[in-house]
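Structure first, then comments.
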Amino acid sequence: MGKPFDYSLIWVYLPKLLSYLHVTLFIVLASVVCGILLGLIIALPRLYRIPVLNRLVIIYISYTRGTPILIQLFLVYYGVPELLKAIGIDVSDVQPLVFVILTYALHFAAYFSEIVRASVNAVDRGQAEAGYAIGMTSYAVLMRIVLPQAWKVALPNVANLTIGTLKDTSLAYTLGVMDLVGRAEMLGTTYHFLEIWIALSIIYYAIVLILEQIYHRFERKVNRFEKAVTALNS
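If you count by full-length UniProt numbering, then the sequence shown holds residues 1 to 234, one letter each, in order.
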């Protein structure tokens, strides 16, 4: 049983939790960056329907979507060392943080690759065909016609995926990573559980609001730029 609720302790626990905020943000940033790079690679077999690879990517995405992130954390944490040990590589000294980032990057990449595929397919194929008709190369069509339109479609979904990744990182403590939630678990020895988790919820909610504001401002700037370009061309 916890101790009687004391709302003043919420403000006592906030700075204690915030001192570990950088760990959570580092996990999110590293996972998103690695996930985007890996997701772009994974999206290629789906976009170009490369035999065998396309099927393997479909299975990978389906498995990632169909299993909880907590299970994926433990599979990577315990499974990757065993696989590497079979080929003579010892990673027993690797910090759990590395496996956490790897797991979230793989998870992010699966969803991001589908966002890329859907966004590229949303671009009118007639525009790409027109580019080919005037002698543009495949690379030029991709960079100058397809991607400038596709990324605008993808942006809202990527923003939501990033926010979802932030919230999913609350499970990183299960592998012994001392992040926000890991620190909250340690503070739980004071038995003021409700105050601790309220303080933690305030921090997560504040970060999500900040990320949403960053996205909305970026979206408005993009829209203003497009309107300016359209006005110049008209």
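Glycine included, C-beta positions come from ideal geometry on N, C-alpha and C. Predicted, not measured: the structure shown is a model, and the values here were computed from it.
{"Item": "With distance defined between alpha-carbon atoms, name the residue in LEU102, THR103 and TYR78 nearest to SER92.", "Value": "TYR78"}
{"Item": "Does the beta-carbon of LEU129 have 16 or more other beta-carbons within 10 angstroms, so that it is buried, or is it exposed?", "Value": "The amino acid at residue 129 is misidentified as Leu; the sequence shows Glu. Counting Cβ neighbours within 10 Å, GLU129 comes out exposed, since fewer than 16 surround it."}
{"Item": "Kindly indicate the opening and closing residues of the alpha helix (DSSP H) around ASP168.", "Value": "147 to 168"}
{"Item": "Straight-line CA distance for ILE41 to THR162?", "Value": "19 Å"}
{"Item": "Among the candidates SER113, GLU195 and SER170, whose CA atom is the shortest distance from the CA of TYR48?", "Value": "SER113"}
{"Item": "Applying the criterion that 16 or more other CB atoms from any shown protein chain within 10 Å of the CB defines a buried residue, is HIS192 buried or exposed?", "Value": "buried"}
{"Item": "State whether the stretch 129 to 147 contacts the stretch 162 to 177, with contact taken as three or more CB pairs (one from each stretch) at a distance under 8 Å.", "Value": "no"}
{"Item": "Is the beta carbon of LEU171 sitting closer than 8 Å to the one on LEU73?", "Value": "yes"}
{"Item": "Helix, strand or coil for GLY176, going by three-state DSSP, please let me know.", "Value": "coil"}
{"Item": "Where do the ends of the alpha helix (DSSP H) carrying ARG144 lie?", "Value": "First-last for ARG144: undefined, no H or E at that position."}
{"Item": "Whole angstroms are fine: how far does the CA of ILE36 sit from the CA of ALA154?", "Value": "12 Å"}
{"Item": "For GLN72, which three-state DSSP category applies?", "Value": "helix"}
{"Item": "Could you say which of PRO68, ASP168 and ALA43 lies nearest to ILE58 if we only look at CA atoms?", "Value": "ALA43"}
{"Item": "Over the uninterrupted alpha helix (DSSP H) stretch that includes VAL57, give me the two end residues.", "Value": "53 to 66"}
{"Item": "In whole angstroms, what separates the C-alpha of ILE115 from that of LEU9?", "Value": "42 Å"}
{"Item": "Tell me the rounded alpha-carbon separation between ARG224 and PHE218.", "Value": "10 Å"}
{"Item": "Is TYR111 close to the ligand MG? I mean its beta-carbon at under 7 Å from any heavy atom of the ligand.", "Value": "With respect to the ligand MG, the structure offers nothing, as it holds no ligand at all."}
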